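Taken in order, the sequence shown gives residues 10 to 186; the numbers are from the numbering used here. Step one of this worksheet: look at the structure below.
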Amino acid sequence: MSRASPGASPMARASAAFAQRRDEALAQWSRLAERERRLLSLAAVALGLLLTYTVLIAPAQRTLRTAPAQLDALERQLQSMQAQAAEARALAGSPSISMGDAQAALTGATERLGAKAKLQVQGERAVLTLSGVPSEALQSWLGEVRAAARARPVEAQLTRTPQGFTGSIVLSLGSGT
(Lines of atoms letter the chains of each structure in order from A and count residues from 1; the text may use other names and numbers.)
(Lines give C-alpha, C1' and ligand atoms only; values in the text may rest on other atoms or scores of the structure.)
Protein backbone atom coordinates (compact mmCIF):
# COMPACT_ATOMS: atom_id res chain seq x y z
CA MET A 1 0.00 0.00 0.00
CA SER A 2 1.39 3.33 -1.03
CA ARG A 3 1.01 6.54 0.86
CA ALA A 4 1.33 10.04 -0.51
CA SER A 5 4.05 12.18 1.01
CA PRO A 6 2.97 14.96 3.40
CA GLY A 7 3.98 17.61 0.82
CA ALA A 8 1.85 16.07 -1.97
CA SER A 9 -1.08 17.91 -3.48
CA PRO A 10 -4.60 17.41 -2.06
CA MET A 11 -5.58 15.55 -5.23
CA ALA A 12 -2.68 13.13 -4.85
CA ARG A 13 -3.53 12.56 -1.16
CA ALA A 14 -7.20 11.92 -2.03
CA SER A 15 -6.19 9.52 -4.78
CA ALA A 16 -3.87 7.65 -2.44
CA ALA A 17 -6.59 7.47 0.24
CA PHE A 18 -9.07 6.13 -2.31
CA ALA A 19 -6.60 3.52 -3.53
CA GLN A 20 -5.95 2.43 0.05
CA ARG A 21 -9.68 2.08 0.82
CA ARG A 22 -10.23 0.17 -2.44
CA ASP A 23 -7.43 -2.25 -1.59
CA GLU A 24 -8.91 -2.78 1.90
CA ALA A 25 -12.38 -3.42 0.44
CA LEU A 26 -11.02 -5.92 -2.10
CA ALA A 27 -9.12 -7.73 0.65
CA GLN A 28 -12.30 -7.88 2.78
CA TRP A 29 -14.30 -9.12 -0.25
CA SER A 30 -11.82 -11.94 -0.90
CA ARG A 31 -12.08 -13.06 2.75
CA LEU A 32 -15.88 -13.53 2.43
CA ALA A 33 -17.37 -16.92 1.73
CA GLU A 34 -18.86 -17.53 -1.76
CA ARG A 35 -22.41 -17.54 -0.32
CA GLU A 36 -21.86 -14.16 1.41
CA ARG A 37 -20.45 -12.67 -1.80
CA ARG A 38 -23.53 -13.86 -3.74
CA LEU A 39 -25.90 -12.40 -1.13
CA LEU A 40 -24.07 -9.06 -1.10
CA SER A 41 -24.08 -9.01 -4.93
CA LEU A 42 -27.80 -9.73 -4.94
CA ALA A 43 -28.40 -6.95 -2.38
CA ALA A 44 -26.33 -4.53 -4.50
CA VAL A 45 -28.34 -5.41 -7.62
CA ALA A 46 -31.63 -4.97 -5.71
CA LEU A 47 -30.47 -1.61 -4.37
CA GLY A 48 -29.42 -0.57 -7.89
CA LEU A 49 -32.80 -1.56 -9.29
CA LEU A 50 -34.60 0.34 -6.53
CA LEU A 51 -32.52 3.47 -7.16
CA THR A 52 -33.07 3.17 -10.92
CA TYR A 53 -36.82 2.90 -10.43
CA THR A 54 -36.95 5.74 -7.88
CA VAL A 55 -34.76 8.16 -9.82
CA LEU A 56 -35.53 7.34 -13.46
CA ILE A 57 -38.73 5.37 -13.93
CA ALA A 58 -41.17 6.65 -11.25
CA PRO A 59 -40.85 10.36 -12.21
CA ALA A 60 -41.36 9.50 -15.88
CA GLN A 61 -44.46 7.44 -15.07
CA ARG A 62 -45.85 10.29 -12.95
CA THR A 63 -45.31 12.71 -15.82
CA LEU A 64 -47.06 10.37 -18.25
CA ARG A 65 -50.05 10.06 -15.88
CA THR A 66 -50.47 13.79 -15.26
CA ALA A 67 -49.53 15.16 -18.71
CA PRO A 68 -52.92 14.59 -20.43
CA ALA A 69 -54.84 16.49 -17.72
CA GLN A 70 -52.31 19.32 -17.79
CA LEU A 71 -52.48 19.49 -21.59
CA ASP A 72 -56.29 19.63 -21.46
CA ALA A 73 -56.19 22.46 -18.91
CA LEU A 74 -53.66 24.38 -21.00
CA GLU A 75 -55.77 23.86 -24.13
CA ARG A 76 -58.86 25.24 -22.36
CA GLN A 77 -56.83 28.21 -21.13
CA LEU A 78 -55.52 28.86 -24.65
CA GLN A 79 -59.03 28.74 -26.10
CA SER A 80 -60.26 31.16 -23.45
CA MET A 81 -57.40 33.55 -24.17
CA GLN A 82 -58.02 33.33 -27.92
CA ALA A 83 -61.71 34.10 -27.37
CA GLN A 84 -60.80 37.10 -25.20
CA ALA A 85 -58.35 38.32 -27.85
CA ALA A 86 -61.01 38.02 -30.54
CA GLU A 87 -63.46 39.95 -28.36
CA ALA A 88 -60.85 42.64 -27.71
CA ARG A 89 -60.17 42.96 -31.47
CA ALA A 90 -63.92 43.20 -32.15
CA LEU A 91 -64.38 45.88 -29.49
CA ALA A 92 -61.34 47.81 -30.72
CA GLY A 93 -62.65 47.72 -34.27
CA SER A 94 -66.16 48.80 -33.34
CA PRO A 95 -67.14 52.42 -34.00
CA SER A 96 -66.97 55.01 -31.24
CA ILE A 97 -70.18 55.96 -29.50
CA SER A 98 -71.18 59.29 -28.08
CA MET A 99 -71.11 59.98 -24.35
CA GLY A 100 -74.91 60.22 -24.33
CA ASP A 101 -75.30 56.83 -25.99
CA ALA A 102 -72.78 55.31 -23.56
CA GLN A 103 -74.69 56.72 -20.56
CA ALA A 104 -78.00 55.50 -21.99
CA ALA A 105 -76.62 51.97 -22.53
CA LEU A 106 -75.14 51.97 -19.04
CA THR A 107 -78.41 53.15 -17.49
CA GLY A 108 -80.41 50.53 -19.42
CA ALA A 109 -78.11 47.71 -18.33
CA THR A 110 -78.24 48.91 -14.71
CA GLU A 111 -82.05 49.03 -14.68
CA ARG A 112 -82.08 45.30 -15.43
CA LEU A 113 -80.30 44.73 -12.10
CA GLY A 114 -83.29 46.23 -10.29
CA ALA A 115 -83.28 47.91 -6.90
CA LYS A 116 -80.10 46.08 -5.87
CA ALA A 117 -77.97 48.45 -7.98
CA LYS A 118 -77.65 52.25 -7.97
CA LEU A 119 -75.77 54.13 -10.70
CA GLN A 120 -74.18 57.58 -10.42
CA VAL A 121 -72.63 59.11 -13.56
CA GLN A 122 -70.16 62.00 -13.18
CA GLY A 123 -68.66 63.06 -16.50
CA GLU A 124 -66.61 60.22 -17.96
CA ARG A 125 -66.85 58.18 -14.75
CA ALA A 126 -69.69 56.10 -13.42
CA VAL A 127 -70.02 54.45 -10.02
CA LEU A 128 -72.26 51.42 -9.58
CA THR A 129 -73.20 50.57 -5.99
CA LEU A 130 -74.35 46.99 -5.47
CA SER A 131 -76.32 45.38 -2.67
CA GLY A 132 -76.70 41.61 -2.99
CA VAL A 133 -76.47 41.23 -6.79
CA PRO A 134 -76.09 37.59 -7.92
CA SER A 135 -72.83 36.74 -9.69
CA GLU A 136 -74.54 35.74 -12.96
CA ALA A 137 -76.38 39.09 -13.12
CA LEU A 138 -73.17 41.01 -12.38
CA GLN A 139 -71.24 39.07 -15.01
CA SER A 140 -73.96 39.72 -17.58
CA TRP A 141 -74.06 43.42 -16.66
CA LEU A 142 -70.27 43.75 -17.03
CA GLY A 143 -70.38 42.14 -20.48
CA GLU A 144 -73.23 44.37 -21.60
CA VAL A 145 -71.68 47.65 -20.44
CA ARG A 146 -68.34 46.70 -21.97
CA ALA A 147 -69.92 45.99 -25.36
CA ALA A 148 -72.81 48.47 -25.50
CA ALA A 149 -71.49 51.43 -23.49
CA ARG A 150 -67.75 50.83 -24.19
CA ALA A 151 -67.27 51.22 -20.43
CA ARG A 152 -64.39 49.56 -18.65
CA PRO A 153 -64.00 48.91 -14.94
CA VAL A 154 -61.12 50.86 -13.39
CA GLU A 155 -61.75 50.06 -9.73
CA ALA A 156 -63.85 47.51 -7.86
CA GLN A 157 -64.48 46.97 -4.18
CA LEU A 158 -66.72 43.94 -3.92
CA THR A 159 -67.61 41.53 -1.15
CA ARG A 160 -69.35 38.25 -1.79
CA THR A 161 -72.24 37.56 0.58
CA PRO A 162 -74.77 34.70 0.60
CA GLN A 163 -77.20 37.04 -1.23
CA GLY A 164 -74.65 38.03 -3.91
CA PHE A 165 -72.09 40.80 -4.39
CA THR A 166 -72.08 43.99 -2.34
CA GLY A 167 -69.80 46.97 -2.95
CA SER A 168 -68.99 49.35 -5.77
CA ILE A 169 -67.49 49.38 -9.27
CA VAL A 170 -66.01 52.51 -10.87
CA LEU A 171 -66.22 52.61 -14.67
CA SER A 172 -64.51 54.76 -17.26
CA LEU A 173 -66.82 55.88 -20.08
CA GLY A 174 -64.16 57.13 -22.52
CA SER A 175 -65.53 56.89 -26.06
CA GLY A 176 -64.34 53.90 -28.03
CA THR A 177 -62.76 52.11 -25.06
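No residue lacks a Cβ here, since even glycine has one placed at the ideal position from N, Cα and C. Just so you know, these numbers come straight off a predicted model, no measurement behind them.
Boundaries of the alpha helix (DSSP H) around P68: 67-102.
Taking one beta carbon from each stretch, the segment 133-146 and the segment 166-183 have 3 or more pairs nearer than 8 angstroms; the two touch. In the three-state scheme derived from DSSP, where H, G and I count as helix and E and B as strand, E164 is classed as strand. In this model, R169 and G176 are separated by some 9 angstroms (Cα to Cα). The C-beta of W38 has fewer than 16 other C-beta atoms within 10 Å across all chains shown, which makes the residue exposed.
Looking at the DSSP output, Q129 bridges to V136. Annotation: A111 to W150 spans about 14 angstroms, alpha carbon to alpha carbon. Per DSSP, reduced to three states, the secondary structure at S181 is strand.
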